[in-house]
Structure formats: C-alpha cells, structure tokens
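Student: Going down the list, the sequences are from chains L and G.
Mapping of the first sequence onto our numbering: residues 1 to 301, in sequence order.
Mapping of the second sequence onto our numbering: residues 1001 to 1265, in sequence order.
No residue lacks a Cβ here, since even glycine has one placed at the ideal position from N, Cα and C.
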Amino acid sequence: MSSQSTTSDAAPGTGADGAPGPQEAQAPAPAPAGRPRRGTASGAVRAGAKLLHVLLLPALLIGVYAYASANSDSYYTPTPDLIAAAFAELWFSERFFADVLPSLARLATGFALAALLGVGLGVLLGLSARVRALAEPVLEFLRAIPPPVLVPLMILLAGVNDSMKVLVIVSGCVWPILLNTVEGVRAVDPVLADTARCYGIHGTTRLRVLVLRLASPQIMAGLRQALALAIILMVISEMFASSSGLGFAIVQFQRTFAIPEMWAGMVLLGLVGFVLSALFELVEGRALGWYRGLRAANRGE
Amino acid sequence: MLKVTGLQKIYNGGANAVEAVRDLTFELGEGELVCLVGPSGCGKTTLLKCIAGLMPPTSGTVELAGQAVTAPPPDMAVVFQEYGRSLFAWMSVRDNVELPLKEKKVPKGRRAELVAESLEAVGLTRFADSYPWQLSGGMQQRVAIARAVAYEPQVLLMDEPFAAVDAQTRADLEDLIRQLWKRLGVTVLFVTHDIDEAVYLGERVLVLSSSPTVVQDDITVDLPVERDQLTTRRDERFTELRARVYAQIQQAKNGTGAAAPAAAH
Ligand SMILES: Nc1ncnc2c1ncn2[C@@H]1O[C@H](COP(=O)(O)OP(=O)(O)OP(=O)(O)O)[C@@H](O)[C@H]1O
Ligand SMILES: [Mg+2]
C-alpha cells in the first residue's frame, strides 16, 4: 500500500509540475562546468547530481504516460499507480521465487555457459588459421539461424524443461561472444607477440597475460551483446512451453486479461535488463580500465 | 659467440618480393659490444629479428654459442624499435618489467630487487605504478630498456633504443649500457643512427651498406674501456673514428644515392 501511494504521488508530481522538473535538473549542470574544481566539490553532491541526471528522463516519461493513460479509457493501458500496485503485489510475494528466480537462474546459467563456450572456441579459432578455415563456413551458417526458431527443435531434443531454455539461451548468445573473441584474438599486435616470444612467455601464460587481455575489449563487446540477447531468449523460451518464469507469467497475465500484472511483468523485465547492464558496466570498468585510459591517452585527453 | 653467415632475407609478403638483406657475414665475440649503423631501410631491424630467432632467414645461418638459432633463444633480451607497442598496456610499469622475470622463475625477492634496480637505473622509480600509456615516448622507451636490463640476458639486442629520449638522458643511458656490459659481460648488438653514439658505445662498429645490403665496413674502436662523456668525446682518436664511420656511411648512402641523381639528369 505504502509503495503504491509514493509512486503514484511521485509520478504525476513531476508530470504536472513540468516546469520545476527541468529547472531542478539544470541546477546541477554547473557542476560539469566547474570540473577543474573537482577536488573541492564533495563527492555526495556529485553523486546526487548524477542521480538526478539519470532519473530525470524516466520521471518525465512516466509523467507523460501517466497523463496519457489517465485521459484514456483503454483497459489495456492502466495508469502508473495501478501498475505499481500490481508490481508490488506480484513481485514482493512468493511469485518472486516461483517465476523471477527460475528465470534469472536460467539466464545466468545460459549466459555463463555461452561465455565459456564462446571464449574457449573463439580463442581456439582465433589462434589457429587452419581450424578457422575449416570451421568458418559452418559457423557463418549457424550464426545466420535466428535463435528463436531453435525453440521447437530444443523442445524435441531436450523436452519442456530448464535445459531446453538454457540451451536456447546458449545457442543464441554464443555467436556474438565467439565471433568477437576470434576477432580480438586474431588482432594480437605482432610487436607484442614478438616481445612475448623473446621473453619466453608461451603456453597458458601467453594466453592469460597476452592473448586474453589484448582481446578483452572485443570479448567484452561480445558479452555485452550476448547479455541483451540472453534476456530476450530467456523470455521467448519461457513463452513457448513453460510452467514458470517471467515470460510464462507475462503470457499468462495477457491471456487472463490481468493487464496491470502484465505491465508489471514488463516493467520488471526492463528493470532486470537495466540492473544487469549496470552490473556489466561495473565489471567492464574493472576489467577494461587500462583500455579506457589508453584510448583517452591516444585521443589526447 | 654470435655468428651470422651469408644471411639473406627476402620478404615475399607483398605484391613483389623485397630483398631486405643481401649477404651478411660477421661474428661477435663473447662479451663484445658492437654497434650497427647503416642507412634507413637497409635492413637493420630485419637482421636483428633474424638473430633473435623471430623470423627465418631466406638463406644463410645464425649461430649462437655453436647452436643454430631457429627460435628465440633463452637468455636473449630484445629492445624493439617500436618500443611503445612492445609494452603491455594493461600492466603497470613494474609488472611490465617483472613479467619476464616471473617466466624465468626468478625468486620473488630477487625479482623485486632487479625491478627496483633497473627502474632506478633508467630514472623511472617514481613511475613504477603508472601504466605505459601514461608515460611519454622517451619514458616508454626507458621502460623497455629497464625490462631488458632486469632480465640479465647473455645477449642483448637493441634496435635504436634511445631514439626518443633527450640528449641528457641519452648520455646517461649510454653509460648505463656500458656499465651493464662491463658488470655482466653481456654480448651486445646495438643498432643506432647516431655516429657519435656508435663510436662512444661500441668496441666495434659495423657499417651496413644501403640495399642490396652487405657489411660495408667493420671498424674496431680502440678507445680505452673506461669512457666518459666529456673526455672520450674530446679524444683525438674518437674524432678520427667518428670521421671514418661518417665517411663509410656517406659511401654507403651514395652506393645507390649517386646513381639515382645521375640518371635523373
Ligand atoms: N614485413 C615486411 N614485409 C615486406 N618488406 C619489409 C618488411 N619489413 C621490412 N621490409 C623492407 O625491408 C627493408 C629493410 O627494412 P628494415 O625495417 O629492416 O630497415 P631498417 O634498417 O631497420 O630501417 P630503419 O633504420 O628505418 O629502422 C625495407 O626496404 C623494408 O621496406
Ligand atoms: Mg629499423
């Protein structure tokens, strides 16, 4: 109940008082201009400004939607407060364990397997021109198959269970990871490769300290694409044949005309995607700090 | 110690074959410090890569301590001409210098010592925790030198290692190489464009001709072992040797350089 009232108050608030909203957002704008004074500006103020920056557009969009849906009689576009209520009721209950957790577990398993498989095969293909020549046509063909069409096949092969869904996720996600890894591994700088050879760096050490690190920006790009795909495939695989999961839940709501619930499912999916992408960014920042610095240095920043 | 016999290298990669090196034969005694000079594009880098076992010659052989070189031999360190690209961008300066020592299974304590000493020697102690891309070109070059120095190799190949540093640092680094050479008895082949540097640094100077490349001259530098930036460079013998190397390089350049303008007119 409480969460419902706060959300419904907040959303129209920004929508109705449209003018103060943007002005508030502009208030922290001088912060970037005063960037040279970075040392004196307190971290809390900057974090607050950034938060405002991030939340401004979503608040505005919710406001616009709230306005539009309030003025519409359509049964299929419930107002934000209805959606929020459904959201709280649905996902802060045992449905979280029945639908959300299984979905996330499939997603994580599928993504992790695809990453292992993609990077492993990618390194193999990237390092050996002969293996690459052998495998390339087949890979190009397999990659061209849209992953959702694999669902019927996977149902036949693996049955209507978790492994089917994980298989669908893996079979779709593996391609961007694989192809990016191949590219990254192939692009090893010859001078760096010679340096490693001279100093006796070979075998798994070479793989660890040279090949994978040098290819990591490309691998990360592949993983990022794969993450987005994984979410899509998770939902699709659950829509087909399932008794649990977010995709299943959303289709079920739609069929039973539980419209706010259906919307709440969509919102949750969006949030899941957002959080995962933010987490990914965090990991990427850790792993590729050197690369960003290098790029910035080359651009003369 | 290091014996190059009839070395020829033809690159077949492009549309037409390029003969980088025609026929090189020379020898370096154990613990000798030899400088290699020659016009740009005459195949100095090519020669160094063949010696380092990074690329097979088209014909001829390279022998190190009686063994034919077919792969990079252990205990050989190379400072590449493209120094910036030879550093690991994801590792700090310290880790860059330490990595080869780890591979060589040098114990941890000794490793730290070697890294600290070599960074001190090239004047980069303060930058041990920086990344290579945070350094200037000359500083990056010194990281590559420190890495080679810390490795304590038996053979040290350096391809224009001081090209990007200022005159003062250059003088210091020259003295560092000579110190190291005296202390460790390492065999050094040092490529440079700078005639003064070749004479100041080397016990011998090899002059390569322009393409088709052969050894044009082999000059013994009979200066005292103890050298000093001020007195040695003022030495009469130094000036003589310098003039001789200069004349040889002129001749090397004119080997083809004289023919081309004549044909043009
Ligand atoms: N990978 C390659 N493929 C084809 N030709 C090459 C290759 N590397 C070098 N060459 C050619 O071989 C010749 C010698 O090149 P090299 O780099 O050895 O010269 P260098 O003496 O080191 O020159 P510099 O003093 O400018 O560094 C040049 O004519 C060059 O064009
Ligand atoms: Mg060169």
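Taking the continuous alpha helix (DSSP H) assigned at G/E1120, which residues delimit it?
Tutor: In the second sequence, counting from the first residue as 1, residue 1120 of chain G sits at position 120. Counting along the chain, the alpha helix (DSSP H) containing G/E1120 begins and ends at K1108 to A1121.
Student: Check the Cβ of L/T205 against every Cβ in chain G and list those closer than 8 Å, keeping chain order.
Tutor: Your numbering for residue 205 of chain L matches position 205 in the first sequence. In chain order: E1103.
Student: Quick check on L/R35: does DSSP put it in helix, strand or coil?
Tutor: By 1-based counting over the first sequence, the position of residue 35 of chain L is 35. For L/R35, the pLDDT reaches just 45, beneath the cut-off of 50, and the residue's location in the model is therefore unreliable, leaving the point undetermined.
Student: Within the same chain, show all residues whose beta-carbon is closer than 6 Å to that of G/A1071, passing over the 5 residues directly before and after it, in chain order.
Tutor: Stepping through the second sequence from its first residue, residue 1071 of chain G is reached at position 71. Setting aside the 5 residues that flank it on each side, G/A1071 is surrounded in the same chain by G1053, each with a C-beta closer than 6 Å to its C-beta; the list follows chain order.
Student: Note down, in chain order, each residue of its chain lying with its Cβ closer than 8 Å to the Cβ of G/G1138, except the 5 sequence neighbours on either side.
Tutor: Looking up residue 1138 of chain G in the second sequence gives position 138. So the list reads A1164, V1165, D1166 and T1169, once near-sequence residues are dropped.
Student: With a threshold of 16 other CB atoms inside 10 Å of the CB of L/E94, please say whether the residue is buried or exposed.
Tutor: Translated into the one-based positions of the first sequence, residue 94 of chain L becomes position 94. It is exposed - the Cβ of L/E94 has fewer than 16 other Cβ atoms within 10 Å.
Student: Mind checking which residues open and close the beta strand (DSSP E) that includes G/F1026?
Tutor: Here residue 1026 of chain G corresponds to residue number 26 of the second sequence, with the count starting at 1. That run of the beta strand (DSSP E) goes V1018 to L1028.
Student: Determine the extent of the beta strand (DSSP E) in which G/S1059 is found, giving its start and end residues.
Tutor: Taking the first residue of the second sequence as position 1, residue 1059 of chain G is located at position 59. Element bounds for G/S1059: S1059 to L1064.
Student: Residues of chain G with CB under 8 Å from L/A86, in chain order?
Tutor: In the first sequence, residue 86 of chain L corresponds to position 86, counting from 1. Residues of chain G whose Cβ lies closer than 8 Å to the Cβ of L/A86 do not exist; the shortest such Cβ separation is about 47 Å.
Student: Here's the rule: buried if 16 or more other CB atoms are within 10 angstroms of the residue's CB, otherwise exposed. What is G/D1218?
Tutor: Counted from its first residue, the second sequence places residue 1218 of chain G at position 218. Classification for G/D1218: exposed.
Student: Please go through the same chain and pick out, in chain order, the residues whose beta-carbon is closer than 8 Å to the beta-carbon of G/Q1067, but skip the five residues on each side of it.
Tutor: Counting from one through the second sequence, the residue named residue 1067 of chain G turns up at place 67. Hits under 8 Å: P1073.
Student: Does the pairing of the stretch 1225–1235 of chain G with the stretch 1184–1200 of chain G give three or more beta-carbon distances under 8 Å?
Tutor: yes
Student: Span of the beta strand (DSSP E) holding G/A1077?
Tutor: Your numbering for residue 1077 of chain G matches position 77 in the second sequence. G/A1077 -> beta strand (DSSP E) spans M1076 to V1079.
Student: Flag G/L1083 as yes when its Cβ comes closer than 6 Å to any non-hydrogen atom of ligand 1, and as no otherwise.
Tutor: Translated into positions along the second sequence, residue 1083 of chain G becomes position 83. The displayed chain sequence assigns Tyr, not Leu, to residue 1083 of chain G. No; taking the cut-off as 6 Å, the Cβ of G/Y1083 has no heavy atom of ligand 1 nearer than that.
Student: Under a Cβ-count criterion, where at least 16 other Cβ atoms within 10 Å of its own Cβ denotes burial, should G/A1252 be classed as buried or exposed?
Tutor: By 1-based counting over the second sequence, the position of residue 1252 of chain G is 252. With 16 or more other Cβ atoms within 10 Å, it is buried.
Student: So the candidates are L/L117, L/T77 and L/L60; which of them puts its Cα closest to the Cα of L/A258?
Tutor: In the first sequence, counting from the first residue as 1, residue 258 of chain L sits at position 258. Cα-wise, what sits closest to L/A258 is L/T77.
Student: Can you look up G/D1217 in the DSSP assignment and give me helix, strand or coil?
Tutor: Counting from 1 along the second sequence, the entry for residue 1217 of chain G is found at position 217. It is a strand residue.
Student: Looking only at DSSP bridge pairs, what is G/Y942 linked to?
Tutor: Lying outside 1001 to 1265, the shown extent of chain G, residue 942 of chain G is not represented and no answer is given.
Student: For the putative contact between G/L1087 and G/A1144, defined by C-beta atoms under 8 Å, what is the C-beta separation to the nearest angstrom?
Tutor: The residue labelled residue 1087 of chain G in the question sits at position 87 within the second sequence. The residue labelled residue 1144 of chain G in the question sits at position 144 within the second sequence. Confirmed, about 6 Å.
Student: Going by other Cβ atoms of all chains shown within 10 Å of its Cβ, with 16 needed for buried, is L/P22 buried or exposed?
Tutor: For the purposes of this step, residue 22 of chain L is identified with residue 22 of the first sequence, where counting begins at 1. Residue placement at L/P22 is poorly supported in this model, since its pLDDT is 38, which falls under 50; the coordinates still yield a value, given next. L/P22 is exposed by the Cβ-count criterion.
Student: Among the candidates L/N180, L/K165 and L/A105, whose CA atom is the shortest distance from the CA of L/G126?
Tutor: Translated into positions along the first sequence, residue 126 of chain L becomes position 126. Ranking the options by Cα distance to L/G126, first place goes to L/N180.
Student: Please go through the same chain and pick out, in chain order, the residues whose beta-carbon is closer than 8 Å to the beta-carbon of G/E1032, but skip the five residues on each side of it.
Tutor: Position 32 of the second sequence, counted from the first residue, corresponds to residue 1032 of chain G. Cβ neighbours of G/E1032 beyond the five flanking positions: M1001, T1187, V1188, E1203 and R1204.
Student: State whether the stretch 201–208 of chain L contacts the stretch 266–276 of chain L, with contact taken as three or more CB pairs (one from each stretch) at a distance under 8 Å.
Tutor: They do not touch, by the three-pair rule.
Student: Restricting to Cα atoms, I'd like to know which of L/V182, L/G184, L/E183 and L/V211 is closest to L/T195.
Tutor: Indexing the first sequence from 1 puts residue 195 of chain L at position 195. Of L/V182, L/G184, L/E183 and L/V211, the residue nearest in Cα terms is L/V211.
Student: Three Cβ pairs or more, each shorter than 8 Å: is that satisfied between the stretch 1038–1047 of chain G and the stretch 1122–1137 of chain G?
Tutor: no
Student: Which partner residues does G/K1104 have in the DSSP bridge list?
Tutor: What you label residue 1104 of chain G is simply residue 104 of the second sequence in a count that begins at 1. Bridge pairing for G/K1104: absent [DSSP].
Student: Spell out the partners DSSP gives G/C1035 in its beta bridges.
Tutor: Indexing the second sequence from 1 puts residue 1035 of chain G at position 35. BP columns for G/C1035 point to G/F1190 and G/V1205.
Student: Given this structure, state the Cα-to-Cα distance separating G/G1060 from G/Q1008, to the nearest angstrom.
Tutor: Counting from one through the second sequence, the residue named residue 1060 of chain G turns up at place 60. Counting from one through the second sequence, the residue named residue 1008 of chain G turns up at place 8. Taking the straight line joining both Cα atoms gives about 6 Å.
Student: Could you pull the start and end residues of the alpha helix (DSSP H) that L/D194 belongs to?
Tutor: Here residue 194 of chain L refers to the residue found at position 194 when the first sequence is read from its first residue. Taken as a continuous stretch (DSSP letters only), the alpha helix (DSSP H) holding L/D194 covers P190 to C198.
Student: Nearest to G/S1267 by CA position, among G/G1185, G/E1174, G/P1224 and G/Q1250, is which residue?
Tutor: Residue 1267 of chain G is absent from the structure shown; chain G starts at 1001 and stops at 1265.
Student: Among the residues of its own chain, which have a CB less than 7 Å from the CB of G/V1096, if the five just before and after it don't count?
Tutor: The residue you call residue 1096 of chain G lines up with position 96 of the second sequence. One point to set straight first is that residue 1096 of chain G is Asn, not Val, in the sequence displayed. Once the five neighbours on either side are set aside, the close Cβ partners of G/N1096 are L1087, F1088, P1132, V1143 and R1147.
Student: Run through the DSSP bridge pairs and tell me what G/A1068 is partnered with.
Tutor: Along the second sequence, read from residue 1 onward, the residue named residue 1068 of chain G stands at position 68. Answer is G/E1063, bridged to G/A1068.
Student: Across the stretch 113–129 of chain L and the stretch 282–296 of chain L, are there enough close Cβ pairs to call them in contact, namely three or more that are closer than 8 Å?
Tutor: Between the stretch 113–129 of chain L and the stretch 282–296 of chain L, the count of Cβ pairs shorter than 8 Å is below three; the stretches do not touch.
Student: According to a CB-to-CB cut-off of less than 7 Å, which residues of the stretch 190–218 of chain L neighbour chain G?
Tutor: Within the stretch 190–218 of chain L, the qualifying residues are V191, L192, D194, T195, R197, C198, Y199, G200, I201, T205, V209 and R213.
Student: Going by DSSP in three states, G/L1054 sits in which element: helix, strand or coil?
Tutor: On the second sequence, residue 1054 of chain G is found 54 positions in, with the first residue counted as 1. Coil, per DSSP.
Student: Is the beta carbon of G/V1078 within less than 6 Å of some heavy atom of ligand 1?
Tutor: Numbered from 1 along the second sequence, position 78 holds the residue referred to as residue 1078 of chain G. No.
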